[in-house]
Each structure stands twice: as C-alpha cells, then as structure tokens.
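S.K.:
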Amino acid sequence: MRPMKPSNPVVAMAVAETAVTEARVAEAGSATAPLLVRLRALRPSLSPAEDRVAEQVLADPRGTAAKTISELAAAATTSETTVLRFSKRLGLAGYPRLRLALAEESARPRALSAAQTDISASDTIDDVIRKVALADSSAVEETAEQLDRDALERAAKVIASAVRVDLYGSGASAVVGADLQQKLHRIGSLAFAWVDPHIALTSAALLGPRDVAIGISHSGTTRETIESVARARAQGAHTVAITNFPLSPLARAADLVLTTAARETAFRSGATASRIAALTVVDCLFIAVAQRNLRSARKALESTRDAVATHHVGND
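This note's numbering numbers the first residue of the sequence shown as 287 and each following residue consecutively.
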C-alpha cells in the first residue's frame, strides 16, 4: 500500500499548504510508541526495498535482532545501504541501534510477531478466537500507548468550542464516525456523520473557522475522506485526522493527527482491530471533550438517558 498522490486540486492545495513535515509527523508520539508500532505506521512511505526489510523485521523481530547487517540485507534481497537507510527512517543512528531496539522490543510482554496474529487455514476455532482477541487487545493497548497527548488535548479544545462538528468516513470508518457523532450529540455538541461523498463535500464547503471537520480512515488514503477534510480546511475549519498512518495523505491534509496502532493481517482480522483501535481514540477524544464542561455534559447525559428510558423493556 503506497500513499496516494492527490489529483484533486483541493486535496493537492491542502497537502501543499499543510505545514506538517515528515519528521514532525513521524515523531508524533514517538517518545512512547514501541519500535514495531512506529514501523507499521511508517511502512506505506517506505521504498519497495525498504519495505522488504520491514517485512523481515515484522515477521521475526527477535530473529532479526540476531542477524548481521549483511544477513538481513540478503534475507530482504537488498543492499546493506538500504538496511542502514531503513534504520535511519526509524530515527535510529545505525544498524547496531536497530538490533538493540529489536532485542528490547522482543522482550516486551506484548511484543507480537505476524505469525501470532495472522490466521492460517490450519488454525482451529480456538486458534481463531485467541488470535483475534490478541490482535484486538494489542491494538487497544498500543494505540493508547502511542497516542499523541498534545494533539488529543488540542483536538478536544477545538471540538468543545465548535459551533458544529462534521465527521467523514467510509466503510468501517463510517461506523467509527457514527459512534463519535452519537457520543457528541449526547453531551449537546452539534455533530453530523456524513457517508455519502457528495453530501460530505457539500457539508465541508459550508464549514467555517468556528467548525471542526474530522476525517477517519485506517489507511489514510480514502479519496472521499481526504477531499472532504481538504475542502473543510480550505474553508477555514479546524481539521482532525484519525488514521493508522501518520505520513498518509489524510494526515497531511489535516491540522491535527490522532494515530491508531492496529496491524493488518492476511485474513483481515486486523480489520476488526483497526476499528477497535479507532474507537479507542474516539472514546479518549469524547471523554476529553466532555471533561472540559463536565457539569453540562453530565446533565446532558442524564437528560438523554431519561428520554429513552421508557423504550427499554421492563421500564414501562
């Protein structure tokens, strides 16, 4: 998966004007993010040769830590220079530092290899349950660990004071957007979750400096979501991206980036994990917004709870 080159003029303009450099985005949350989490986030921006090195590392972090630079280069069918460049892309001084970091990462209690979460044709139903649960729980923990605290606080601040919040997402991301829209409505924030791309663009064109647009996309390459966020930003609205990849086109089109840490697998168990990871970010964002006016939020939650109380069986 490679980052999309925006062909839409609005997207191109927003990407060009966004003062978010690769270094700044790559460093978001890097103080707490585990090495393998950072690697998965950066992977779409790697060259094909660097990506082969990444594949070797992710498949067997512990085994890679024991390899010399020549052995890793040979396993990835590339050069030692590429391995060195790969190490520096992760913010490491050189290959010895990468080996040390991988050894430390392998010692982490929740350090997982692809084999531990990818589902194979020979897996039993118990294996499937265990691997899905492991992928989901790992996505939640790693997302919380690497989530950019400063970006979260800034996003909560602009949402709490916004006149209107519009959310954009397709497929599974639309489900995440609907969840945040429902949560914000329950505390009195005017929010709309748009699925139809034409209506989404229409809504974005009507936003202004007192509004917030939130784009949700695991890959960060969903064209419709990028276009809506870019249009909203061009209108002066505050923009937030929720994505797994901090160097993606969606991240570049937004003012603030909140990243998840979910891993994809061959049988798409990672698709569930990506949604759960995004919902973790949404929950953190919602609580941070509600906390800014806790008394009002509690009153609104009580009012909305009372409004539907008689629609539950046994409460007549």
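Beta carbons are placed, not taken as given, at the ideal position from N, Cα and C, and that holds for glycine.
(1) Could you give the C-beta distance for A499 and A523, rounded to a whole number, given that I count them as a contact under 8 Å?
(2) Which whole runs of the alpha helix (DSSP H) in the segment 393-448 are 4 residues long or more, in chain order?
(3) Buried or exposed for K469, going by 16 or more other Cβ atoms inside 10 Å?
(4) Sorted by chain position, which residues of the same chain lie with C-beta nearer than 6 Å to F372's C-beta, five sequence neighbours on each side aside?
(5) Report the option in S489, S534, S424, D497 whose CA atom is closest to the CA atom of S514.
(6) Look at A559 and A421 and say whether their C-beta atoms are less than 8 Å apart.
(7) Would you kindly work out how many angstroms separate the C-alpha atoms of E588 and H597, rounded to a whole number?
(8) Any contact of the segment 380-388 with the segment 344-355, i.e. 3+ C-beta pairs under 8 Å?
(9) Could you check whether the segment 580-587 touches the segment 458-475, counting it as contact only if at least three pairs of C-beta atoms, one from each stretch, sit closer than 8 Å?
(10) Mind checking T511: buried by the 16 CB within 10 Å criterion, or exposed?
(11) Tell me which same chain residues have a C-beta within less than 7 Å of the C-beta of A464, skipping the five on either side of it?
(12) Taking the alpha helix (DSSP H) that G349 belongs to, which residues open and close that run?
(13) Taking just the CA atoms, how far does D497 sit from A448?
(14) Does DSSP put F478 in a helix, in a strand, or in coil?
(15) Along the chain, where does the alpha helix (DSSP H) that runs through H598 open and close?
M.R.: The answer reads as follows:
(1) By one-based count along the sequence shown, residue 499 stands at place 213. By one-based count along the sequence shown, residue 523 stands at place 237. For a cut-off of 8 Å, the C-beta gap from A499 to A523 is around 5 Å, short enough to register as a contact.
(2) When DSSP assignments are scanned along the segment 393-448, the uninterrupted stretches of alpha helix (DSSP H) that are 4 or more residues long and fall wholly within it turn out to be 400-403, 411-432, 435-446.
(3) The residue given as residue 469 occupies position 183 in the sequence shown. Sixteen is the threshold: when 16 or more other Cβ atoms of the shown chains lie within 10 Å of the Cβ of K469, as they do, the residue is buried.
(4) As a first step, residue 372 is located in the sequence shown; it is residue number 86 there, counting from the start. Non-local beta-carbon contacts of F372 in its own chain, meaning distances under 6 Å to residues more than five positions away in sequence, involve E336, V339 in chain order.
(5) Along the sequence shown, read from residue 1 onward, the residue named residue 514 stands at position 228. Looking at S489, S534, S424, D497, the one whose alpha-carbon comes closest to that of S514 is S489.
(6) Counting from one through the sequence shown, the residue named residue 559 turns up at place 273. Counting from one through the sequence shown, the residue named residue 421 turns up at place 135. Yes, the pair counts as a contact, with Cβ atoms nearer than the cut-off.
(7) The residue labelled residue 588 in the question sits at position 302 within the sequence shown. The residue labelled residue 597 in the question sits at position 311 within the sequence shown. Approximately 15 Å between the Cα atoms of the pair.
(8) When Cβ pairs closer than 8 Å are counted between the two stretches, the segment 380-388 is seen to touch the segment 344-355, the count reaching three or more.
(9) Yes, the segment 580-587 touches the segment 458-475.
(10) Numbered from 1 along the sequence shown, position 225 holds the residue referred to as residue 511. Buried, since its Cβ has 16 or more Cβ neighbours within 10 Å.
(11) Here residue 464 refers to the residue found at position 178 when the sequence shown is read from its first residue. Cβ neighbours of A464 beyond the five flanking positions: A479.
(12) Position 63 of the sequence shown holds residue 349. Here the alpha helix (DSSP H) through G349 covers 347-351.
(13) The residue labelled residue 448 in the question sits at position 162 within the sequence shown. The residue labelled residue 497 in the question sits at position 211 within the sequence shown. Taking the straight line from one Cα to the other gives about 5 Å.
(14) Residue 478 sits at position 192 when you count from the first residue of the sequence shown. F478 carries a strand assignment under DSSP once its states are collapsed to helix, strand and coil.
(15) For the purposes of this step, residue 598 is taken as the residue at position 312 of the sequence shown. Element bounds for H598: n/a, residue is neither H nor E.
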